[in-house]
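Q: In the UniProt record's numbering, the protein residues as written are 1 to 171.
Glycine included, every Cβ here is placed at the ideal spot set by N, Cα and C.
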């Protein structure tokens with residue numbers, strides 16, 4: 001499936017493309033998951049690396065981007081979600097030999113009775129999801145000091161996406 005159209009969608013680039021590196025391309029989704037009738041969203045604390053992130057991950061093959069978003073939310077949080085928007089923001093990253101473009105969506109939880117289905121690496125990294133009021137979530141993301149390059153990139157990516165969401169929801 002083709003990536004979402006992002007003409008006119010807020011976007012940011014993190015890192016610099018080097019001409020002497022052969023990059024691996026990766027397309028990904030990020031999701032701002034809201035609890036209905038509340039201003040709370042899900043954020044994930046990654047204990048190893050000391051950072052917070054939005055639920056999300058890689059798009060598999062020809063997978064629909066919104067379906068990838070709901071799948072990633074279910075895997076990382078155990079929550080079923082419905083996606084309510086088209087792409088609201090995008091971030092292009094150049095890190096080591098990775099070229100990744102993340103597309104962000106907004107969704108609502110429809111069922112939060114499940115358990116996360118974390119990969120072995122995610123379990124070892126200490127992923128734990130929590131609900132937080134959206135402004136508190138942004139404060140947590142910005143205020144923490146990541147201990148890895150990956151964490152620093154994710155902090156920049158996800159704070160930009162959350163700030164984009166807040167800017168759009170206040171209009």
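What is the residue span of the beta strand (DSSP E) that residue 13 lies within?
A: For the purposes of this step, residue 13 is identified with residue 13 of the chain shown, where counting begins at 1. 11-14 is the span of the beta strand (DSSP E), which, as asked, contains residue 13.
Q: Let me check understanding here. Comparing Cα to Cα, which of 9, 25, 5 lies closest to residue 175?
A: No answer is possible for residue 175: it lies beyond the span of the chain, which begins at 1 and ends at 171.
Q: Short of 7 Å in beta carbon distance, which residues of its chain neighbour residue 72, apart from the five on each side in sequence? Order them along the chain.
A: What you label residue 72 is simply residue 72 of the chain shown in a count that begins at 1. 29, 31, 55, 56, 57, listed in sequence order.
Q: Select from 144, 6, 134 the residue whose C-alpha is nearest the C-alpha of residue 37.
A: In the chain shown, the residue the question calls residue 37 occupies position 37. The shortest Cα separation from residue 37 among 144, 6, 134 belongs to 134.
Q: Under a Cβ-count criterion, where at least 16 other Cβ atoms within 10 Å of its own Cβ denotes burial, should residue 17 be classed as buried or exposed?
A: Within the chain shown, numbered from 1, the residue matching residue 17 stands at position 17. So residue 17 ends up on the exposed side.
Q: How would you label residue 82, buried or exposed, when you count the other beta carbons within 10 angstroms and need 16 or more for buried?
A: What you label residue 82 is simply residue 82 of the chain shown in a count that begins at 1. Label assigned to residue 82: exposed.
Q: So, under 8 Å CB-CB, residue 45 and residue 163 are touching, yes? Tell me the CB distance rounded to an integer number of Å.
A: Looking up residue 45 in the chain shown gives position 45. Looking up residue 163 in the chain shown gives position 163. Not quite, the Cβ-Cβ distance comes to about 19 Å (not below 8 Å), so this is no contact.
Q: So, under 8 Å CB-CB, residue 107 and residue 59 are touching, yes? Tell me the CB distance rounded to an integer number of Å.
A: Looking up residue 107 in the chain shown gives position 107. Looking up residue 59 in the chain shown gives position 59. Not confirmed; about 16 Å, so no contact.
Q: Cα separation between residue 63 and residue 5?
A: The residue given as residue 63 occupies position 63 in the chain shown. The residue given as residue 5 occupies position 5 in the chain shown. One C-alpha to the other measures close to 16 Å.
Q: Could you have a look at residue 164 and say whether DSSP puts it in helix, strand or coil?
A: Numbered from 1 along the chain shown, position 164 holds the residue referred to as residue 164. Residue state, collapsed to three classes: helix.
Q: Have a look at residue 92 and residue 51 and give me their C-alpha separation to the nearest angstrom.
A: Working through the chain shown from its first residue, we reach residue 92 at position 92. Working through the chain shown from its first residue, we reach residue 51 at position 51. The alpha-carbon atoms of residue 92 and residue 51 are separated by roughly 19 Å.
Q: Count the other C-beta atoms from every protein chain shown that fall within 10 angstroms of the C-beta of residue 113, then say buried if there are 16 or more, exposed otherwise.
A: Position 113 of the chain shown holds residue 113. Exposed, by the Cβ-count rule.
Q: Between the beta-carbon of residue 157 and the beta-carbon of residue 14, is there less than 8 Å?
A: Along the chain shown, one-based indexing puts residue 157 at 157. Along the chain shown, one-based indexing puts residue 14 at 14. Taking 8 Å as the Cβ cut-off, residue 157 and residue 14 qualify as a contacting pair.
Q: So, for residue 118: in the same chain, excluding its five sequence neighbours on each side, which residues have a beta-carbon less than 8 Å away from its beta-carbon?
A: Here residue 118 corresponds to residue number 118 of the chain shown, with the count starting at 1. Excluding sequence neighbours, residue 118 sits near 75, 76, 127.
Q: What is the DSSP secondary structure of residue 77, counted as helix, strand or coil?
A: The sequence position of residue 77 within the chain shown is 77, counting from 1. Here residue 77 sits in helix by DSSP.
Q: Unbroken beta strand (DSSP E) runs of length 3 or more, entirely within the stretch 119-149: which are they?
A: If we require 3 residues or more, the beta strand (DSSP E) runs fully inside the stretch 119-149 come out as 127-133.
Q: Would you say residue 66 faces chain C, with C-beta separation under 8 Å as the test?
A: In summary, chain C is missing from the structure at hand, where a single protein chain is found.
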